[in-house]
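Peer 1: From first to last, the protein sequence lines are chains A and B.
The first sequence finishes on residue 250 if you use the working numbering, and the numbering steps up by one all the way, no holes.
The second sequence finishes on residue 1315 if you use the working numbering, and the numbering steps up by one all the way, no holes.
For every residue, glycine included, the Cβ atom is placed at its ideal position computed from N, Cα and C.
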Amino acid sequence: MTSLPEPRPGQKKLGLVIDLDICVGCHACATACKEWNASGHMGPLPDFNPYGDGAWGVWFNRIHSFEEGEGDGARTVHFPKSCLHCEEPACVTVCPTGASYKRAEDGIVLVDEAICIGCKLCSWACPYGAREFDADEGVMKKCTLCIDRIYNEHLAPEDRQPACVMVCPVNARHFGDLGDPGSEVSEIVARRAGGDLMPELGYKPVNKYLPPRAGRMAPAMPVAGGAPPPIDQPSAGDRVLRWVDRLLSR
Amino acid sequence: MHPALSIVFFTTASGAGFALLLLLGVAGPLGLLPSSASFGVAALALAGLLAIGGLASSVFHLGRPERAWRAFSQWRSSWLSREGVASVLTFLPAAVFSIGWVFFGVTSGLVGLCGILAAALAAATIYCTGMIYASLKPIHQWHNPWVVPNYFVLGLMSALLMLNFLVRLWQTRAPGVAVSALILVAVAWRLKERYWRSIDTTSAPSTVASATLLGSRGKVRMLEPPHTEENYLLKEMGFAIARRHRVRLRGIVRLAGFALPAFLTLLALLVGGVFGIVAAGLAIFSAALGIVVERWLFFAEAKHTVTLYYGAEAV
C-alpha cells in the first residue's frame, strides 16, 4: 500500500545519525553495505562492466566529498549518503503498484521486488538519490536499514546494527530510534544540533546529519615572499647517514 | 532528466490521442462534426491508435512490463496509477460512443452522453499525465503551475490540427475547426513561452548548501564524486546533453511546433480544397516534430536535486 501509515503517538522511527565532523571518507561503510546487501534482503546488487571503462552498479550508500570556504579557512567534509527513511517519502506515495512502502512499526522504507514494475518514478521522486535501478532484474532497489541484520536473531545482540554502522572505524555513524526523544541517537542530535537535508522540500528525513563543529581555523601556512623557514645544519650523525646512503646508492 | 524516447512518444502521442477523443466526445454530440460513419471511423480510430500506442510505448519503459497491470492499484496516492485507471476507464464510454456513432449513426441521447463522459475522462487522463510531473518536488522545472496547462493545451492543439485535416477530407470548408486550431496554437505558444520564462528566471529553493548542511565557512563545492564512473543516478537524473543546444532547440519548437502549423492552418483556412487538405496535413507533421522536440527539452532541461550532490550548485 503506497498510502503512508498513520503516525502513532510514540512512533518508532529507526534511522541513522551521521557525524560529518568525524567522517574520514574511508568508504568502508559503502563497501560494507555493498558486501552485506549483495546477498541480503534486496540482493543481488549487480555491477555492470565491473573491470572496464564505464563500470557501474547498484550501491545503497555513496560517499561524497565537499569543500567549504576558501583559502586558509577552507575545510574538507566527507559526506556519506544513503536512504533517509523519510517521514513523508514521496518515493512511496508515487508508486503505482504498492511495491514501495513505509513500515508502520518502525518507519523503514522498503521495496517489494515481487511487485515492482520498474517504472523508476520513485527514483525521480526522491530528492536525495537514494534509490538505484537494478537493470538486471528490472526493479528498483534501495537501502533497507539492514532489516535483515537489526532484527536477526541469528546474530549476537551487539551485531544487530546496520552494516555501515558496524564497520565505521571512527564511530561517525549511529543507529537507533529517532522517534524516542530519550534515545541515545536523539540525545546526540539534540546536543550537536543535528539537522535534515533539504528540509525545504518537506520530506522530513528520519536520518539526521551532525554538522562539522565550528572548531579552530587551520593555522596560517607560510606564504610566498615571506622569510624562508630556517634550514638546520645537518648534524654529524646525519652526515654519516648521508654518506652511507650515497655509498649504497652506487 | 534523461529523455527516454518511449516516454517522449508516450506523452506526446497519448496526449494528442486523448485530446482528440475529448474533442470528438464533445463536438460529436453537439453536431459540430460530419456525422457520416466513415468520418467517425477515421477520427475515432486515429484517437484510439494514438492513445493506445502511447500507452503501449509507456509499457516498454518499464523494467518488468509483464507486471504493468499492477499499476492500477494505487490510485489513492499515485498520479501514475490514477493516469492508468483514468485512461482505461475512458475506453469504456468511448467504446459505446464509437459503436453508436459508427454502426448506428447516432451521436445523441445515451450515445452522446457516453461521448461527453469519455471526453471528461480523457481530460482527467491528460490532467493526471501532467500531474505525474508537476507533483515531483525535487525537479523545479516540473514542479510548477505551468506544467499541467502546457500538457493540456499542447494535447488540444495537436488534436485540433488533426481534426482540421480530417474534417477537410469530408467537408470542403471547415472554418470553425481551423479557427479553433489557430487559437489553440497561439495559446499553446504563449503558455510555452511563459513556462520557459518561468524556469529561466526562477531556481529551486534547494542548493548545495541546503543539501549538505554545509556552508558555514563559505561556498560549498564538490571535491570528489563518490565514484570515478557514472552511476544510475547520473544516467537517469544527471542528463545534460541537450542543455547546451537549448536555444537552438527552443527555436525549432517555436518554428516547427507553433509558427509553421499556424501559417499552414491559416493557409488551409484561406484556400480550402485539395491545397487546404495538403496544408492541414503538413501542419500536423510540423507540429508533431515541434512537440516531440518540446517534450525532449522538457526532460533535458529538468534538473533534479540529486545533481547537487554531484557538483551542481543550484537546480
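1) Within the same chain, show all residues whose beta-carbon is closer than 7 Å to that of P1149/B, passing over the 5 residues directly before and after it, in chain order.
2) Which residues, in order along the stretch 73-89 of chain A, keep a beta-carbon less than 8 Å from a beta-carbon of chain B?
3) What is the DSSP secondary structure of W1079/B, counted as helix, strand or coil?
4) Using 8 Å as the limit for Cβ to Cβ distance, is G195/A near chain B?
5) Output, in chain order, the set of chain B residues within a Cβ distance shorter than 7 Å of M198/A.
6) Within the stretch 1246-1310 of chain B, note down every full alpha helix (DSSP H) run reaching 4 residues or more, in order along the chain.
7) If we call anything under 8 Å between Cβ atoms a contact, is P1226/B one with H85/A?
8) Within the stretch 109-170 of chain A, note down every full beta strand (DSSP E) run reaching 3 residues or more, in order along the chain.
9) E1224/B touches chain A at which residues, Cβ-Cβ below 7 Å?
10) Identify each residue in the stretch 1078-1093 of chain B for which the Cβ-Cβ distance to at least one residue of chain A is less than 9 Å, and report them in chain order.
11) For H1002/B, which of Y1310/B, R1295/B, A1312/B, S1098/B has the nearest alpha-carbon?
12) Using the rule of at least 16 other Cβ atoms within 10 Å of the residue's Cβ for burial, across every protein chain shown, is G57/A buried or exposed?
13) Excluding sequence positions up to five away, which residues of its chain have a Cβ less than 7 Å from the Cβ of M1131/B?
14) On the CB-based measure, 16 or more other CB atoms within 10 Å of its CB, does P1093/B come out buried or exposed?
15) What is the residue span of the beta strand (DSSP E) that V17/A lies within?
16) Given that a residue counts as buried once 16 or more other Cβ atoms are within 10 Å of its Cβ, and exposed if not, what is H154/A?
17) Determine the chain B residues that contact F133/A at a beta-carbon separation under 8 Å, and present them in chain order.
18) Could you give the distance in angstroms between the alpha-carbon of M1237/B and the alpha-carbon of R1244/B?
19) Quick test of your reading: T1107/B and P1029/B, contact by CB under 8 Å. State the CB separation rounded to the nearest angstrom.
20) Residues of chain A with CB closer than 7 Å to the CB of V1220/B, please, in chain order.
21) Nearest CA to the CA of F1258/B: which residue from F1009/B, V1274/B, L1161/B?
22) Per the DSSP calculation, I1139/B is bridged to which residue(s)?
23) Residues in its own chain within less than 7 Å of E88/A by CB, not counting five upstream and five downstream?
24) For A1027/B and L1033/B, I'd like the C-alpha separation in whole angstroms.
25) Could you spell out where the beta strand (DSSP E) holding S65/A opens and where it closes?
26) Which one of L1023/B, A1209/B, L1297/B, L1264/B has the shortest CA to CA distance from V1247/B?
27) Quick one: residues in its chain with C-beta nearer than 8 Å to the C-beta of M140/A, no 5 flanking neighbours on either side, listed in chain order?
28) Taking only beta carbons into account, state which residues of the stretch 1137-1159 of chain B come closer than 8 Å to chain A, listed in chain order.
29) Once you ignore the five residues that flank T1012/B on each side, which residues in its own chain have a CB closer than 6 Å to its CB?
30) Are A1118/B and L1021/B close, meaning C-beta to C-beta below 8 Å?
31) With DSSP collapsed to three states, give me the class of S1087/B.
32) In chain order, which continuous runs of the alpha helix (DSSP H) of length 4 or greater are located wholly inside the stretch 1141-1210 of chain B?
33) Under DSSP, the beta strand (DSSP E) around G176/A begins and ends at which residues?
34) Beta carbon of L1050/B, beta carbon of A1016/B: below 8 Å?
35) At the 8 Å Cβ level, is Q1074/B part of the contact set with chain A, yes or no?
36) Can you list, in chain order, the residues of its chain with a C-beta nearer than 6 Å to that of W1189/B? Leave out the 5 residues immediately preceding and following it.
Peer 2: Concretely, from the data shown:
1) L1191
2) G73, A74, R75, T76, V77, F79, K81
3) helix
4) yes
5) Result: S1206, S1210, A1211, T1305.
6) 1246-1252, 1260-1271, 1273-1300
7) Taking C-beta atoms as the reference points, P1226/B and H85/A fail to come closer than 8 Å.
8) Within the stretch 109-170 of chain A, the complete beta strand (DSSP E) runs of at least 3 residues are 109-111, 132-134, 139-141.
9) Going along chain A in sequence order, the residues near E1224/B (Cβ under 7 Å) are S65.
10) S1078, W1079, L1080, S1081, R1082, E1083, G1084
11) Checked all of Y1310/B, R1295/B, A1312/B, S1098/B; the closest Cα to H1002/B is R1295/B.
12) buried
13) W1079, V1148
14) With 16 or more neighbouring CB atoms inside 10 Å of its own CB, P1093/B falls in the buried class.
15) 14-19
16) With fewer than 16 Cβ atoms within 10 Å of its Cβ, H154/A is classed as exposed.
17) G1063, Y1232, E1236
18) Straight-line Cα distance between these residues: approximately 16 Å.
19) 5 Å
20) F66, E68
21) L1161/B
22) Answer is H1304/B.
23) G202, Y203, K204
24) 6 Å
25) DSSP places S65/A inside the beta strand (DSSP E), whose first and last residues are 62-68.
26) L1297/B
27) A99, S100, V111, C116, G118, K120, C122, S123, R131, E132, F133, D134
28) K1137, P1138, I1139
29) I1291, V1292, R1295
30) yes
31) helix
32) 1147-1170, 1175-1201
33) 173-177
34) A contact, by the Cβ cut-off of 8 Å.
35) yes
36) F1258
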